[in-house]
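Following: one structure in structure tokens, then a few remarks.
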Amino acid sequence: MRITQGCFSFLPDLDDVQITAQIEYILQREWAVSLEFSYDPHPRNTYWEMWGHPMFDLRDAKGAMMELNECRKAHPDAYIRVQAFDSTRGFETVMMSFIVNRPADEPKVHMARTDFEGRSQKYAWDAR
Numbered sequence: 461m462r463i464t465q466g467c468f469s470f471l472p473d474l475d476d477v478q479i480t481a482q483i484e485y486i487l488q489r490e491w492a493v494s495l496e497f498s499y500d501p502h503p504r505n506t507y508w509e510m511w512g513h514p515m516f517d518l519r520d521a522k523g524a525m526m527e528l529n530e531c532r533k534a535h536p537d538a539y540i541r542v543q544a545f546d547s548t549r550g551f552e553t554v555m556m557s558f559i560v561n562r563p564a565d566e567p568k569v570h571m572a573r574t575d576f577e578g579r580s581q582k583y584a585w586d587a588r
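With the working numbering applied, the sequence shown corresponds to residues 461 to 588, in that order.
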């Protein structure tokens with residue numbers, strides 16, 4: 461099962477040239493770039509580990525690609541994503557997010573929803 465989160469998730473994986481082009485797009489809009497990684501790709505897990513600090517002053521995609529390659533070396537079997545943040549409103553807003561690294565064997569995740577009184581719902585999941 462392929463984890464589908466963020467932009468481009470239903471497309472084939474982006475190669476480094478395509479990732480660089482997306483980072484250049486992010487930088488042209490003066491958004492900050494951030495790299496995050498996780499070994500738990502569950503859709504409800506929104507808190508991934510940050511790789512370094514967000515790159516607020518980055519002006520060249522090469523810097524982000526160098527950091528991405530270092531993250532890949534340190535965590536080759538992790539999910540790694542690029543996030544773009546816009547701070548023009550005085551707070552960080554995620555404008556774009558996409559996965560750039562996946563483990564060779566992606567876990568199979570099964571999620572079951574149970575409906576309760578008052579329209580409340582509970583979710584349970586297991587990796588298969």
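We put the CB at the ideal spot given by N, CA and C, even for glycine.
Check	Outcome
Which stretch, first to last residue, makes up the beta strand (DSSP E) that contains Thr553?	Thr553 to Asn561
Between Trp511, Tyr539 and Asp520, which lies nearest to Glu527 when the distance is taken from Cα to Cα?	Trp511
What did DSSP end up calling Asp565 once you bin it into helix, strand or coil?	coil
Suppose you measure from the CA of Trp491 to the CA of Arg579; what does that come to, to the nearest Å?	38 Å
Identify every residue that forms a DSSP beta bridge with Tyr583.	Arg573
Could you spell out the range, first to last residue, of the beta strand (DSSP E) harbouring Ala492?	Ala492 to Ser498
Any idea if Glu566 is buried or exposed, counting beta-carbon neighbours within 10 angstroms, 16 or more meaning buried?	exposed
Per DSSP, what kind of secondary structure is Asp476 in: helix, strand or coil?	helix
For the alpha helix (DSSP H) that contains Ala524, what are its first and last residues?	Ala521 to Ala534
List the DSSP bridge partners of Glu484.	Note: Glu484 sits in no beta bridge, so no partner.
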